[in-house]
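As structure tokens, the structure follows; a few thoughts come after it.
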Amino acid sequence: DFLREASRIFGSQAIVASIEAKQISAHKWVAYTDNGREPTEIDVLDWIKKVEELGAGEIMLTSIDKEGTKSGFDLVLNKAAAEITSIPLIVCGGAGNHYDCVEGIEQRGVDAIAIASILHYKIDSINNIKNKIHASGVSIRL
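Residue numbering for the sequence shown follows the working numbering, beginning at -12 and increasing consecutively.
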């Protein structure tokens, strides 16, 4: 009810559904709450469809398995999510260098990437990452 009402009042473009996903088997993820500490019994792909239906205008999808690892985005999760939603998809969790950022944003159906450790630990700079993404052919504001 909250998503439906919020999107009615503010418009779906103002509603971003943040989904934390943990893999439980091949091509199966469960949604977590409380910053990845509390499991639900909700299938992530089913939840993505549901929040879109309820009025979310964007989805921020975080891979708990990749979060903080600096080992690259969860490309399998992101692909599965992108295939079932028509609203913008922001992916998060795992970027460790500018190559990961390019790979993440080049993935079909991914509209944006969110990064943290790579910047917090000064592994790379925003300008360099943006330049590498631009050089790969992805349109980005420099």
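Ideal Cβ placement from N, Cα and C applies to all residues, glycine included.
Helix, strand or coil at residue i [DSSP, three-state]
i: D87; result: helix
i: V97; result: coil
i: E54; result: coil
i: D111; result: coil
i: A127; result: Position check: residue 127 holds Ile in this sequence, whereas Ala was assumed. The answer is coil: DSSP assigns I127 none of H, G, I, E or B.
Contact with chain B by residue i, beta-carbon distance below 8 Å
i: G42; result: No chain B is present in this structure, which holds just one protein chain.
Residue i - partner residues in DSSP beta bridges
i: Q10; result: W16
i: E25; result: T20
i: E45; result: V3
i: V78; result: L48 and I100
i: D30; result: V17
Nearest candidate by alpha-carbon position, reference residue i, set the options
i: G91; options: K109, I74, V63 and H107; result: V63
i: S5; options: A101, I120, H121 and I105; result: A101
i: N84; options: T49, I77, G(-2) and L106; result: L106
i: G42; options: G23, S(-6) and C88; result: S(-6)
i: I120; options: G96, C88 and S104; result: C88
i: V78; options: R128, I113 and A8; result: A8
i: L32; options: D21, E45, K15 and A99; result: K15
Residue i classed as buried or exposed, judged by whether at least 16 other C-beta atoms fall within 10 angstroms
i: A122; result: exposed
i: A82; result: buried
i: D(-12); result: exposed
i: A115; result: Inspection of the sequence shows that residue 115 is occupied by Asn rather than by Ala. Exposed: under 16 other Cβ atoms inside 10 Å.
i: I71; result: exposed
i: L48; result: buried
i: E93; result: exposed
i: L76; result: buried
i: A68; result: buried
i: A65; result: The question names Ala, yet the displayed sequence has Asn at residue 65. Flag for N65 reads buried.
Unbroken alpha helix (DSSP H) run spanning residue i, endpoints
i: S(-6); result: F(-11) to F(-3)
i: I71; result: L62 to I71
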